[in-house]
Amino acid sequence: EAFSVYELLNEVVENTKCEKINSLYVDAVHESLCTDINRSLDILMADLLLFNVFIVLAIVFYKLYASHSIPNPNETFIQRRIEIRNSISKKKASVTTGTT
Numbered sequence: 365e366a367f368s369v370y371e372l373l374n375e376v377v378e379n380t381k382c383e384k385i386n387s388l389y390v391d392a393v394h395e396s397l398c399t400d401i402n403r404s405l406d407i408l409m410a411d412l413l414l415f416n417v418f419i420v421l422a423i424v425f426y427k428l429y430a431s432h433s434i435p436n437p438n439e440t441f442i443q444r445r446i447e448i449r450n451s452i453s454k455k456k457a458s459v460t461t462g463t464t
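Here is the structure:
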C-alpha cells in the first residue's frame, strides 16, 4: 500500500510540472481572454445598441402621443364637455329651424 501511495505522489508531481501546467494554462487563458471575452463583448454591444434604439423609439412615440393628448391647461374637462354639448345643441336647433 505504501508503494501505491508513493507511485501516486510521483504521478501527481509529474502531472504538475511546469511543462504540462504551462500548456494547459496558456490554452485556458488564450481561449477565455482572446476568444470568449471578445465574443461576449461583441454580443453585449449589439444588445445595448438594440436596447438604445428601442428606448429612443419609445421616447419619440411617447412624445408624439403626449403632444396630441395634453389638454389646454386653461380648459377643464367639464368646461370642454359643456362646450361640446352646447355646439351639438346649436347644430340641432339650426337643423330644426332651417337656419345655418
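For the sequence shown, my numbering begins at 365 and goes up steadily by one. We put the beta carbon where it would ideally sit given N, CA and C, even for glycine.
Secondary structure of Lys344, DSSP reduced to three states
Residue 344 is absent from the structure shown; the chain starts at 365 and stops at 464.
Distance check for Tyr370 and Asn379, CA to CA, integer angstroms please.
Each residue's alpha carbon lies about 14 Å from the other.
Starting from Thr460, follow the alpha helix (DSSP H) in both directions and report where the run begins and ends.
DSSP places Thr460 in the uninterrupted alpha helix (DSSP H) bounded by 441 to 461.
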